Amino acid sequence: MSSWFKRKDKGIQTATEDKKDVPKGLWYKTPSGKIVDTEELKENFYVSPEDGYHVRIGSNEYFEILFDENKYKELDAKITAKDPLKFSDTKKYTDRLKEAQEKTKLKDAIRTAVGKSYGKDLVIAAMDFAFIGGSMGSVVGEKISRAITYSIKNKIPFLLISKSGGARMQEASYSLMQMVKTSAKLAQLAEAGIPYISLCTDPTTGGTTASYAMLGDVNFAEPNALIAFAGPRVVKDTTGKDLPEGFQRSEFVLEHGFLDKIIERKNLKKQINLYIDLIQNLPIRTEPKTE
Amino acid sequence: MEYLDFEKPIQELEEQLSKCLIIGKESEVDVTETCEQIEKKLEKTRTDIYKNLTAWQRVQLSRHPSRPYTLDFIEAITKGTFMELHGDRTVKDDKAMIGGLGKIGDQSFMFIGQQKGYNTKTRQYRNFGMANPEGYRKALRLMKMAEKFGIPVVTFIDTPGAYPGLEAEERGQGEAIARNIFEMSILKTPIISIIIGEGASGGAVGIGVGDRVYMMENTWYTVISPESCSSILWRSWDHKEEAAEALKLTAKDMKKQGLIDGIIKEPFGGAHSNREEAFAIVEKQIVKTYNELSKLTIKKLIKERMEKYEAMGVYND
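Note that the protein sequences, when read in sequence, are chains C and W.
Here this note's numbering is used: the first residue of the first sequence is 56, the next is one more, and so on.
Here this note's numbering is used: the first residue of the second sequence is 732, the next is one more, and so on.
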């Protein structure tokens, strides 16, 4: 072999920042290996037309899917996290937050907004998994709490889209207490007689499941979402047992009585609004005509 | 079309009639008169049979394999607006008990009922309409949801009984039914209950406490199935006809005893002989009853419900 072809140094030496990327966003590969054109994916509500795989999306995409003409007013957009415990693991919590903010262009793991859906006001809180695994700390708790207050004040139905690895360890017991804070606020919403719809998406786990995700007047879920308190790996390690197929997936959770219905993403807007019209005894609405 | 034993004379005449009509069509022979005669006889036979049904025959009709079931009624009367809701939030989604929201006209209702299957596979899937505790708990959860939002409740009763299984007992079948009766007696929203098929005992009453309880004409409602009654009291299943008579379980008997509020007439020959008509009659009854009940304040509604049940029972004093 000619010497110019021979690798002189072992391993890959290029620094990460010098690596050349394939232009991002042309193709998407689903877990089952299907390749989908990203434009096509977007038009199909971020669901692979090849195998029905529901791609993990964030608040931006959910707002776009659910609010009429993607018009909405974001609530409490400026709240950011503090570091009350001066927490540090492999990284300082403050650095982790800064990195996440830069990477995702988000302030924290949830965004809340009010807008019209099928022409009627709806408050939506949508979690972003991309921000530190959608973990719930003080900011998530406070924004949910304020969104619920907004719902109560203005008598608007409340939809919360969960997508979370659970409580944020870096805020320790502050995070734990967000389970109580959000659940207590939901009790207020219930007292006020305003519908609360919980939508569980992939993944909805830990403290999220053990608080607001399971407390809807109706609990809906997207197909094949992982919905669990302790995740499958923890259960397996603890019990030493093999887990049944589909364990803790939407269909399993429905069968065990914790979900009202599984809804494909393309039907979300219609089904959520149908529920609102049925439970509030209003005439059934459809997508308003755009000019 | 499936025929019950006592419907055999009708089946024979119907077959004769269709043969006669075929002959008329395919040959030169004039059979008009013969056909007319058979038709007349058929009408008379039908009238004789259905006008004088025994209690046991009504029990058989209530279990007719072509009889419409809960979901058939709901889907027909809500016209595409039905949203089924699942789960008891504890252990399971019971397929023998279904529920959800739907509209009749502009009004939302919470529909709940036992569901039977229409072939071997779906009968097993629906556990033959025998709910487990989780079914009753799902029903209660949905009733509470309806109460919270002021939505009236309609229950459809069609069960050979609550499921007598091992796990059902472990999970508290008795407690589940008791809890439902308790909660339904004070539920702050109108409840209309309709027995559309079999109304067997605690399994039926577990979703059957209402401001108005109706029985369709060919249904039964009592404390035990005639077969089980026969087997316990006569020590053999052979006395089911006698048991059916003795239990006074027909709609007419139940109305006479003051234990139900009314009878819903069925199409001639039973609900299965004209399903569309049966759906329309039931829909009309729900709307009419709801319009009456919605005029009452919640306080008055519950007071009248209480008084109704307090008055039930006969005794020497």
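Quick reminder that beta carbons are idealized off the backbone N, C-alpha and C, glycines included.
Note that the structure is a prediction, hence the values are computed from the model and not measured.
Next item on the list: Please check if any C-beta of chain C sits within less than 8 Å of the C-beta of W:Glu1014.
Entry: Indexing the second sequence from 1 puts residue 1014 of chain W at position 283. It does not: the Cβ of W:Glu1014 has no partner Cβ on chain C nearer than 8 Å.
Next item on the list: Can you say whether W:Val936 is buried or exposed, counting buried as having 16 or more other CB atoms within 10 angstroms of its CB?
Entry: Start at 1 with the first residue of the second sequence, and residue 936 of chain W comes out as number 205. With 16 or more other Cβ atoms within 10 Å, it is buried.
Next item on the list: Have a look at C:Tyr251, C:Phe186, C:Gly174, C:Asn336 and flag the residue whose alpha-carbon is nearest the alpha-carbon of C:Glu124.
Entry: Locating residue 124 of chain C in the first sequence gives position 69, counting from the first residue. Of the candidates C:Tyr251, C:Phe186, C:Gly174, C:Asn336, the one whose C-alpha sits nearest the C-alpha of C:Glu124 is C:Gly174.
Note to self: Output needed for W:Val944: all residues of its chain with C-beta closer than 7 Å, excluding positions within five of it in sequence on either side, in chain order.
What the structure shows: Locating residue 944 of chain W in the second sequence gives position 213, counting from the first residue. Hits under 7 Å: Ser924, Ile991, Asp992.
Note to self: To the nearest angstrom, how far is the alpha carbon of C:Gly170 from that of C:Ala245?
What the structure shows: Locating residue 170 of chain C in the first sequence gives position 115, counting from the first residue. Locating residue 245 of chain C in the first sequence gives position 190, counting from the first residue. Roughly 21 Å between the two C-alpha positions.
Check: Using the beta-carbon of each residue, which ones in chain C are nearer than 9 Å to W:Arg820?
Finding: For the purposes of this step, residue 820 of chain W is taken as the residue at position 89 of the second sequence. Ordered by position in chain C, the residues that pass the 9 Å Cβ test against W:Arg820 are Met269, Asn274, Gly312, Phe313.
Margin query: To test your reading of the DSSP string, which unbroken beta strand (DSSP E) runs of 3 or more residues are found completely within the stretch 74-146 of chain C?
Written below: 82-84, 90-92, 127-130
Margin query: Distance check for W:His817 and W:Lys869, CA to CA, integer angstroms please.
Written below: The residue labelled residue 869 of chain W in the question sits at position 138 within the second sequence. The residue labelled residue 817 of chain W in the question sits at position 86 within the second sequence. The straight-line gap from Cα to Cα measures roughly 7 Å.
Next item on the list: Can you give me the Cβ contacts of W:Thr821 inside the same chain, cut-off strictly under 7 Å, excluding the 5 residues immediately before and after it?
Entry: The residue given as residue 821 of chain W occupies position 90 in the second sequence. Within the same chain, W:Thr821 has close Cβ partners Glu865, Arg868.
Note to self: Residues of chain W with CB closer than 8 Å to the CB of C:Gly301, please, in chain order.
What the structure shows: Indexing the first sequence from 1 puts residue 301 of chain C at position 246. Within 8 Å Cβ-Cβ: nothing; C:Gly301 doesn't reach chain W, min ~15 Å.
Check: Alpha carbon to alpha carbon, how far is C:Asp106 from C:Lys321?
Finding: In the first sequence, residue 106 of chain C corresponds to position 51, counting from 1. In the first sequence, residue 321 of chain C corresponds to position 266, counting from 1. Those two C-alpha atoms are separated by around 14 Å.
Margin query: Is it buried or exposed, W:Phe999, if we count other Cβ atoms within 10 angstroms and call 16 or more buried?
Written below: Numbered from its first residue, the second sequence carries residue 999 of chain W at position 268. That one is exposed.
Check: By DSSP, does W:Gly830 sit in helix, in strand, or in coil?
Finding: Along the second sequence, one-based indexing puts residue 830 of chain W at 99. Here W:Gly830 sits in strand by DSSP.
Notebook entry, point to check: Relative to chain C, which residues along the stretch 1025-1042 of chain W have a C-beta separation below 8 Å, given in chain order?
Noted result: none
Next item on the list: Ignoring anything shorter than 3 residues or poking outside the stretch 843-928 of chain W, list the beta strand (DSSP E) runs there in chain order.
Entry: 884-890
Check: How long is the line joining the alpha carbons of W:Ala877 and C:Lys89, rounded to whole angstroms?
Finding: Taking the second sequence and counting its residues from 1, one reaches residue 877 of chain W at position 146. Taking the first sequence and counting its residues from 1, one reaches residue 89 of chain C at position 34. Those two C-alpha atoms are separated by around 44 Å.
Check: Which residues of chain W have a Cβ atom closer than 8 Å to the Cβ of C:Ile334, listed in chain order?
Finding: On the first sequence, residue 334 of chain C is found 279 positions in, with the first residue counted as 1. Those are Leu832, Ser839, Met876, Phe880, Ile882, listed as they occur along chain W.
Check: In whole angstroms, what separates the C-alpha of C:Lys63 from that of C:Thr69?
Finding: For the purposes of this step, residue 63 of chain C is identified with residue 8 of the first sequence, where counting begins at 1. For the purposes of this step, residue 69 of chain C is identified with residue 14 of the first sequence, where counting begins at 1. Approximately 14 Å between the Cα atoms of the pair.
Note to self: Check this for me: beta carbons of W:Glu929 and W:Met874, under 8 Å apart or not?
What the structure shows: Sequence index remark: in the second sequence, residue 929 of chain W carries index 198 (1-based). Sequence index remark: in the second sequence, residue 874 of chain W carries index 143 (1-based). Cβ distance not < 8 Å, so W:Glu929 and W:Met874 don't count as in contact.
Check: If you scan the stretch 743-793 of chain W from start to end, which runs of the alpha helix (DSSP H) of 4 or more residues do you find wholly inside it?
Finding: 763-782, 786-793
Item checked: DSSP beta-bridge partners of C:Cys255 -> Translated into the one-based positions of the first sequence, residue 255 of chain C becomes position 200. In the DSSP output, where bridge partners are listed per residue, C:Cys255 has C:Ser217, C:Ala276.
Next item on the list: Mind checking who W:Ile963 pairs with in its DSSP beta bridge?
Entry: For the purposes of this step, residue 963 of chain W is taken as residue 232 along the second sequence, with counting starting at 1. Answer by DSSP bridge pairing: none, since W:Ile963 is not bridged.
Notebook entry, point to check: Identify the residues that DSSP records as bridge partners of W:Gln838: which are they?
Noted result: Taking the first residue of the second sequence as 1, we reach residue 838 of chain W at position 107. Paired residues: W:Ile835.
Next item on the list: Classify C:Thr293 as helix, strand or coil using the three-state DSSP reduction.
Entry: Against the first sequence, residue 293 of chain C aligns to sequence position 238. Three-state DSSP puts C:Thr293 in a helix.
Note to self: Considering only DSSP beta bridges, list what W:Trp951 is partnered with.
What the structure shows: Counting from one through the second sequence, the residue named residue 951 of chain W turns up at place 220. DSSP, once it has assigned bridges, lists W:Glu929, W:Thr981 as partnering W:Trp951.
Check: Using the beta-carbon count (16 or more within 10 Å), is W:Trp951 buried or exposed?
Finding: Looking up residue 951 of chain W in the second sequence gives position 220. Looking at its Cβ environment, which holds 16 or more other Cβ atoms inside 10 Å, W:Trp951 is buried.
Notebook entry, point to check: Taking the C-alpha atoms as reference points, what is the distance between C:Ala132 and C:Gln156?
Noted result: Here residue 132 of chain C is taken as the residue at index 77 of the first sequence, counted from 1. Here residue 156 of chain C is taken as the residue at index 101 of the first sequence, counted from 1. Approximately 13 Å, taken between the alpha carbons.
Next item on the list: Would you check if the distance between the CB atom of W:Asn863 and the CB atom of W:Asp825 is smaller than 8 Å?
Entry: Position 132 of the second sequence holds residue 863 of chain W. Position 94 of the second sequence holds residue 825 of chain W. Contact: yes.
Notebook entry, point to check: Would DSSP call C:Glu319 helix, strand or coil?
Noted result: Counted from its first residue, the first sequence places residue 319 of chain C at position 264. Coil, per DSSP.
Note to self: Can you find the residues in the same chain that come closer than 8 Å, C-beta to C-beta, to W:Ile994, ignoring five residues on each side of it along the sequence?
What the structure shows: What you label residue 994 of chain W is simply residue 263 of the second sequence in a count that begins at 1. Excluding residues within five positions, the ones whose Cβ falls inside 8 Å are Tyr945, Met946, Met947, Glu948, Ala982, Lys983, Lys986.
Next item on the list: Quickly, what does DSSP pair C:Ser172 with across the bridge? List them, please.
Entry: Here residue 172 of chain C refers to the residue found at position 117 of the first sequence. Answer is C:Lys175, bridged to C:Ser172.
Notebook entry, point to check: Near W:Lys971, which residues of its chain fall below 6 Å by C-beta distance, leaving aside the five closest residues on each side in sequence?
Noted result: Along the second sequence, read from residue 1 onward, the residue named residue 971 of chain W stands at position 240. Contacts found: Pro957, Glu958, Ser961.
Margin query: Against chain W, does C:Gly248 count as a neighbour if the rule is that its beta carbon must be under 8 Å from one of theirs?
Written below: Here the question's residue 248 of chain C lines up with position 193 in the first sequence. Output row for C:Gly248: interface = yes.
Check: If you compare alpha carbons, which of C:Val178, C:Pro86, C:His109, C:Lys162 is closest to C:Pro250?
Finding: On the first sequence, residue 250 of chain C is found 195 positions in, with the first residue counted as 1. Of the candidates C:Val178, C:Pro86, C:His109, C:Lys162, the one whose C-alpha sits nearest the C-alpha of C:Pro250 is C:Val178.
Margin query: Whole angstroms are fine: how far does the CA of C:Ile120 sit from the CA of C:Phe100?
Written below: The count along the first sequence starts at 1 and reaches residue 100 of chain C at position 45. The count along the first sequence starts at 1 and reaches residue 120 of chain C at position 65. Each residue's Cα considered, the two are about 7 Å apart.
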